[in-house]
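K.L.:
In numbering that gives the first Met the number 0, the protein residues as written are 0 to 118.
Even glycine gets a Cβ: it sits at the ideal position worked out from N, Cα and C.
Since this is a predicted model, take the numbers as computed values, not measurements.
Submitted below is the structure of interest, expressed as structure tokens.
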Amino acid sequence: MFSNNIIIRGGEYPHLIFDLTTNEYLDVSDGIFIGDRVWVGEGAYINKGVSVGNDCIVGARSVVTKRFTVNNAVIAGNPARVVKENVQWVANELLLNAYPDLAASFADTALNRINKTNR
């Protein structure tokens, strides 16, 4: 499930970066893997070369720049890190259809609680 305003970058397009001596193309794109049943919170940034395991939650406005192979985890922060493991989320379709902004609100609340805990 993808919330609003997510950025997923597979490369540095439209900027092509070459070595002036060898003319070698330096900006090699890396694949991005997002597992099954992943909930990506509003405003998250996912960079090239990233992996997110199955059944994970990516917190709102998180900056994900590395591979996370763990399943059932909350990944959040800037830079993103695993902040909670052994979690499961369930989308209640009736609730989300009735209140489309609810998912983003829940993600914001969860991230705020996590940030307060880690201070």
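To the nearest angstrom, how far is it from the Cα of residue 119 to the Cα of residue 17?
P.N.:
No statement about residue 119 is possible, as the shown extent of the chain runs from 0 to 118 and does not include it.
K.L.:
Nearest by alpha-carbon distance to residue 85: which of 77, 76, 71 and 10 is it?
P.N.:
Within the sequence shown, numbered from 1, the residue matching residue 85 stands at position 86. Nearest of 77, 76, 71 and 10 to residue 85, Cα basis: 71.
K.L.:
Return the residue from the list 63, 37 and 60 that minimises the CA-CA distance to residue 54.
P.N.:
Against the sequence shown, residue 54 aligns to sequence position 55. That would be 37, whose Cα lies nearest to the Cα of residue 54.
K.L.:
Rounded C-beta distance between residue 80 and residue 46? I'm assuming under 8 Å.
P.N.:
Here residue 80 refers to the residue found at position 81 when the sequence shown is read from its first residue. Here residue 46 refers to the residue found at position 47 when the sequence shown is read from its first residue. So it is not a contact: roughly 14 Å between Cβ atoms.
K.L.:
Quick check: residue 51 and residue 40, are their CB atoms within less than 8 Å of each other?
P.N.:
To locate residue 51, count along the sequence shown from 1; it is residue 52. To locate residue 40, count along the sequence shown from 1; it is residue 41. Result no, Cβ atoms of residue 51 and residue 40 do not sit closer than 8 Å.
K.L.:
Would DSSP call residue 79 helix, strand or coil?
P.N.:
For this step, residue 79 is matched to residue 80 along the sequence shown. It is a strand residue.
K.L.:
Taking Cβ to Cβ, would you say residue 57 is nearer than 8 Å to residue 63?
P.N.:
As a working note, residue 57 is residue 58 in the sequence shown. As a working note, residue 63 is residue 64 in the sequence shown. Contact: yes.
K.L.:
Can you give me the C-alpha to C-alpha distance between residue 23 and residue 14, rounded to a whole angstrom?
P.N.:
Looking up residue 23 in the sequence shown gives position 24. Looking up residue 14 in the sequence shown gives position 15. In this structure, the alpha-carbon of residue 23 lies about 14 Å from that of residue 14.
K.L.:
One question on the structure: do residue 66 and residue 82 come within less than 8 Å of each other, judged by their Cβ atoms?
P.N.:
To locate residue 66, count along the sequence shown from 1; it is residue 67. To locate residue 82, count along the sequence shown from 1; it is residue 83. No. Outside cutoff.
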